[in-house]
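Notes follow the structure.
Protein chains in written order, with my numbering: chain A, 1265 to 1390; chain B, 31 to 720.
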């Protein structure tokens, strides 16, 4: 993933993933778990390449759940949720953006290493 | 005269023939003279060797890390002392040999060199600032990187060590509170300060882990801890750099398993560094970042180095003199008993006045500016006149004294000359007497609590200390709480608590109950009404009223207060207000505890953080009307250890208070409390399900 240089814009190759929330009882679930945040210790993130990256990462996907179906993968870094930035956000704030009760669908922009490699490969071929 | 500089002299190698000779005391039987100094030194060496053997045995036997570190420290000190004594012994032997040689070859007269007086040198309030990088705070996972450090101070033949201090990244300075006093120091002294440190992690017993496992461990433990493990396994890689003459005075320590101290930094202090104030000195740092015992030192050291030369503290000369009265008739002499000490010649009417601490009749100043001159023989008196002149501003004041006989005159002049010489040698120390505090007898080290709860902090030594200990701990806790709420980190759960202490069941004693009320938010401090007239600590956020019922049995609570679900609540004389207007309670803990003193009162516990298992006695009897307030939770505070129904019935904190959910069960609240603490802890990496 791209490393964060203070003051410089972050660029990444992203994929748009649209997850339809699933109603379970009185809750709307998405079927994945996130980790990270600017208030968390980034060195404990197993998925990030740059251990100082404090972004939000997907740590677990419930198999067969809405996120799995939509194409989210473990280790993805979430860049945006419904237009809200996720690269510089606290953990619980990210949670709130994902679990808004009046929204049925969340549109995520995620990035992963394989995406970058694929694009670079494609550009290289050209 | 042959004189050797101690630092340049090679130290006696351990295990060498010379060392064995000295140990066996064979030097006594040698051709060298056996003086009393030698035997003293020999005794000291024997003593230190015994201490060192004891320390080695202790090190091999002890299992706890703290004990091992202390034992290793004593070992280090003993070894250094042995080295110093042995080199001193060596020097003395050589000096004697030289003396014999010179005496044989020439008849040198008695040495005429004037020696300056000795003095006391004291070093205190050592402080070494640290310079942690910000990555230290955020990168380190797991345990703190801890080092045990202590200072070794050497002046002449005296070596002292300070107490050991454990240093981790929460400290900004290493502070040593000890005051070390060296009694016989000459003005050309060199006080060598050495800082030794030893890594204090648990798992790093040297050398036992095979390399493959070590590399596996290092990759799985994480970068910093793995690095440390690897460094610990290569003891040779970070040996202290010795530069030139300033080699560490380290005896090669016998290879005993256990922690080893390494020299981290050193410096040498001299007379020019002496001042009656704190000063900063530079440290020479040995070792580098890769060493396990490394600490990021700022590079300087602050301390107070004071010196009291003997000429300032002791009577250098005393005797009877006749002082000519100034401005009076020329032949009017006053007989006085004069004492030369410090910067003055004090003249007393009688000799007994000196011991009686009576003020001297008058004082003649003797300092560096004073000029003393012996005048020509006065035909009228037996002795010579001595004129002492001082310059006070524009005036010059001259006192004339005379003595009984010429010998006296000689002696007084000699004393004055010696005094001037001392003052010139000790320089700034003779301007004013510097204060040296004698080190107080060492207090036993406080036991640091392993867990953070109040229960574990209680050290019950005697019933006399109990109340003050507990109130101290509580007061500290209150301060911590106050700080925390002011920082705004725990606004939701630091709401009003009204606490009910269950009454002890079946105890035929005056019932007491504790109430802890927390003010809803820190800025608001409603006034308290103390119940008991005694003094109790003022607690901002957390305060409780002990309803001390002196010998009566029960009070009824007068007004509704918040009620916790399970406990019917009997004695709350102090519960006041309606939930919306809760007053902080006052803690008359002292009063309560003093009444309970004879009953083997145990742990008093109150915590608004993780409440550990409290010891709660089921309540009985009358219930006071108490209303449940949705915005309040109660925190129980146990008050006795008599019965041990250690249920989860202490109150817990609801984290959803802001949403108005009254908490019902301890477990979800406890979970949410744990969540909160997990969230607040910067070293975690939370994962949440969506």
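Just so you know, even glycine gets a beta-carbon here, dropped at the ideal spot from N, CA and C. Since this is a predicted model, take the numbers as computed values, not measurements.
When beta bridges are read from the DSSP output, residue 444/B appears opposite no residue. A direct Cα-to-Cα measurement between residue 164/B and residue 1293/A gives close to 38 Å. Among the bridge pairs identified by DSSP, residue 415/B is matched with 432/B.
Look at residue 1271/A here: in three-state DSSP terms it is coil, with no helix or strand label.
Residue 354/B is bridged by DSSP to 363/B. Between residue 156/B and residue 192/B, the CB-CB gap stays under 8 Å. DSSP places residue 92/B in the coil class of the three-state scheme, outside both helix and strand. With a cutoff of 8 Å on beta-carbon distance, residue 390/B and residue 301/B are scored as not near each other.
The beta carbon of residue 221/B sits no closer than 8 Å to any beta carbon of chain A. For residue 1360/A, the enclosing alpha helix (DSSP H) stretches over residues 1355 to 1362. Annotated as proximal: residue 159/B and residue 328/B, with beta-carbon spacing under 8 Å. Within its own chain, the residues whose Cβ lies closer than 8 Å to the Cβ of residue 1336/A, once the five positions on either side in sequence are excluded, are 1281, 1283, 1296, 1322, 1325, 1372, 1374, listed in chain order.
Chain B has no Cβ within less than 8 Å of the Cβ of residue 1312/A.
For residue 203/B, same chain residues with a beta-carbon under 8 Å away, outside a window of 5 residues either side, are 157, 158, 159, 160 in chain order. Any Cβ of chain A closer than 8 Å to the Cβ of residue 715/B would place that residue at the interface, and such an atom is present.
In this structure, the alpha-carbon of residue 144/B lies about 13 Å from that of residue 453/B. Taken atom to atom, the span from the alpha-carbon of residue 332/B to that of residue 424/B is near 40 Å.
Secondary structure at residue 205/B: strand, using DSSP grouped into helix, strand and coil. Within the same chain, 1311 come within 6 Å of residue 1339/A by CB-CB distance, once the 5 residues on both sides are set aside. Residue range 221 to 229 is occupied by the beta strand (DSSP E) that includes residue 229/B. Taking C-beta separations shorter than 7 Å and ignoring five residues to either side along the sequence, the partners of residue 177/B in its chain run 197, 227, 228, 229, 230, 323, 325, following chain order. The DSSP-derived three-state label of residue 178/B is strand. When CB distances to chain B are screened at a threshold of 8 Å, the residues of the region 1319 to 1351 of chain A falling below it are 1323, 1324, in chain order. Annotated as proximal: residue 215/B and residue 149/B, with beta-carbon spacing under 8 Å. Of the candidates 1330/A, 1269/A, 1298/A, the residue whose Cα lies closest to the Cα of residue 1316/A is 1269/A. Contact with chain B is absent for residue 1373/A, since none of that chain's Cβ atoms lies less than 8 Å from the residue's Cβ. For residue 1293/A, the nearest CB of chain B lies under 8 Å from its own CB, placing it at the interface with that chain. Rounded to the nearest angstrom, the gap between the Cα atoms of residue 414/B and residue 428/B is 16 Å.
Of the other Cβ atoms in all chains shown, fewer than 16 fall within 10 Å of the Cβ of residue 132/B; this residue is therefore exposed.
Interface criterion met: the Cβ of residue 718/B is under 8 Å from a Cβ in chain A. Just so you know, the alpha carbons of residue 317/B and residue 292/B end up roughly 9 Å apart.
In the three-state DSSP reduction, residue 1341/A falls in the strand class (E or B).
Here residue 1289/A carries a coil assignment [DSSP, helix/strand/coil]. Per DSSP, the unbroken beta strand (DSSP E) holding residue 331/B starts and ends at 330 to 339. Within 7 Å of the CB of residue 1304/A, the CB atoms of chain B belong to 714, 715, 716, in sequence order along the chain. The criterion of a C-beta distance shorter than 8 Å is satisfied by residue 369/B and residue 348/B.
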